[in-house]
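*Asks:* Below are the structure tokens for one structure; questions will follow.
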Amino acid sequence: MDDARATQIGELGPVEFLVAPNLFHHLHLPAAVERFPEAEVHAAPGLERKRPDVTFAGTLGVAAPWGDEIQPIPIEGMPTFKEVVFVHRPSGSLLVADLLFNLRRRLGPAVMTYLRLTGGYGRVTQSRVLRLAVRDRPAAAASCLRVLCCPFDRLVPCHGEIVEQGAKREVEKALSWLLRDLERPPDAQSVNVAVPEV
13 MDDARATQIG ELGPVEFLVA PNLFHHLHLP AAVERFPEAE VHAAPGLERK RPDVTFAGTL
73 GVAAPWGDEI QPIPIEGMPT FKEVVFVHRP SGSLLVADLL FNLRRRLGPA VMTYLRLTGG
133 YGRVTQSRVL RLAVRDRPAA AASCLRVLCC PFDRLVPCHG EIVEQGAKRE VEKALSWLLR
193 DLERPPDAQS VNVAVPEV
């Protein structure tokens with residue numbers, strides 16, 4: 013993390029928490045800890061075994077130490093990723109790491125070939141790599157349905173462009189392969205139905 017990025021982040025306010033949202037997004041965590049040593053570090057389940065060099069304050073679950081403004085939702089059924097996504101309630105935003113991509117700008121030829129082969133380019137989508145990581149389809153589908161039942165209209169992916177509005181329909185479309193066989197109760201046929209919070 014360079015000085016310019018740290019300054020941009022600092023302008024938003026004090027950094028109280030650092031989050032590693034899955035078992036892959038942690039490579040720059042030590043640099044972030046060095047920049048913001050007072051911040052608590054929270055990580056996806058299992059990352060503490062992979063990163064014994066980092067002191068973690070907690071494991072991400074359905075409850076958050078920062079209150080209910082940002083709701084964490086663990087995505088079950090994908091043990092190699094163990095991703096936790098977040099819904100920022102005030103802005104109606106869904107924040108994801110690898111669960112979904114929205115890459116639309118052209119990249120180098122090798123990267124473009126890889127993205128096209130894995131289905132990770134040109135729209136809000138789930139890459140074939142992540143689809144292959146699903147080991148418990150009903151658990152993954154139930155987690156994704158929980159996400160879709162949350163109040164969001166904006167998508168902020170780590171990989172790609174932000175979707176400023178209409179994101180819920182795009183996300184539902186990207187996850188449809190996973191959700192199509194899910195047994196939904198009669199009152200949850202539409203993602204617009206209010207459901208109890210998880």
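Just remember that this note's numbering sits 12 ahead of the position in the sequence shown, which is counted from 1.
From the three backbone atoms N, C-alpha and C, an ideal C-beta is built for every residue, glycine too.
1) I need the DSSP call for Gly-50, collapsed to helix, strand or coil.
2) Does Leu-107 come out as helix, strand or coil in the three-state DSSP assignment?
3) Pick from His-38, Pro-49, Leu-194 and Val-108: whose alpha carbon is nearest that of Val-136?
4) State the Cα-Cα distance for the pair Leu-30 and Asp-110, rounded to the nearest angstrom.
5) DSSP three-state call for Ile-82: helix, strand or coil?
6) Taking the alpha helix (DSSP H) that Val-159 belongs to, which residues open and close that run?
7) Thinking Val-74 and Pro-64 are a contact (beta carbons under 8 Å), I'd like their distance in whole angstroms, please.
8) Taking all protein chains shown into account, do 16 or more other C-beta atoms lie within 10 angstroms of the C-beta of Ala-32, making it buried, or fewer, making it exposed?
9) Tell me whether Pro-197 sits in a helix, a strand or coil according to DSSP, three-state version.
10) Grouping DSSP H, G and I as helix and E and B as strand, with all else coil, what is Val-205?
11) Considering only the beta carbon of each residue, do Val-159 and Val-97 sit closer than 8 Å?
12) As a quick exercise: from Leu-187, Asp-80 and Leu-191, pick the residue whose alpha carbon is nearest that of Ser-139.
13) Looking only at C-alpha atoms, which of Phe-48, Ile-82 and Met-13 sits nearest to Gly-104?
*Replies:* Working from what's here:
1) Reading the sequence shown from its first residue, position 38 is the one you call residue 50. Here residue 50 is Glu; the residue named in the question, Gly, does not match the sequence. Note: Glu-50 maps to coil in three-state DSSP.
2) Here residue 107 refers to the residue found at position 95 when the sequence shown is read from its first residue. In this structure, Leu-107 counts as strand in the three-state DSSP scheme.
3) Translated into positions along the sequence shown, residue 136 becomes position 124. When only C-alpha atoms are compared, the closest one is Val-108.
4) Residue numbering aside, residue 30 sits at position 18 when the sequence shown is read from its first letter. Residue numbering aside, residue 110 sits at position 98 when the sequence shown is read from its first letter. When rounded, the distance between both Cα atoms is 17 Å.
5) Translated into positions along the sequence shown, residue 82 becomes position 70. Note: Ile-82 maps to strand in three-state DSSP.
6) To locate residue 159, count along the sequence shown from 1; it is residue 147. DSSP places Val-159 in the uninterrupted alpha helix (DSSP H) bounded by 149–160.
7) Here residue 74 refers to the residue found at position 62 when the sequence shown is read from its first residue. Here residue 64 refers to the residue found at position 52 when the sequence shown is read from its first residue. Incorrect: roughly 25 Å between the Cβ atoms, too far for contact.
8) What you label residue 32 is simply residue 20 of the sequence shown in a count that begins at 1. Ala-32 is buried by the Cβ-count criterion.
9) For the purposes of this step, residue 197 is identified with residue 185 of the sequence shown, where counting begins at 1. Legend: pLDDT at Pro-197 = 48, less than 50; position of this residue unreliable, value from coordinates given subsequently. The three-state secondary structure of Pro-197, taken from DSSP, is coil.
10) Here residue 205 is taken as the residue at index 193 of the sequence shown, counted from 1. Residue placement at Val-205 is flagged as unreliable, the pLDDT there being 33, under the threshold of 50; a coordinate-derived value is accordingly withheld.
11) In the sequence shown, residue 159 corresponds to position 147, counting from 1. In the sequence shown, residue 97 corresponds to position 85, counting from 1. For the 8 Å CB-CB criterion, Val-159 and Val-97 form a contact.
12) The residue you call residue 139 lines up with position 127 of the sequence shown. Of Leu-187, Asp-80 and Leu-191, the smallest CA-CA separation from Ser-139 is found for Leu-187.
13) As a working mapping, residue 104 is identified with position 92 in the sequence shown. The candidate whose alpha carbon is nearest that of Gly-104 is Ile-82.
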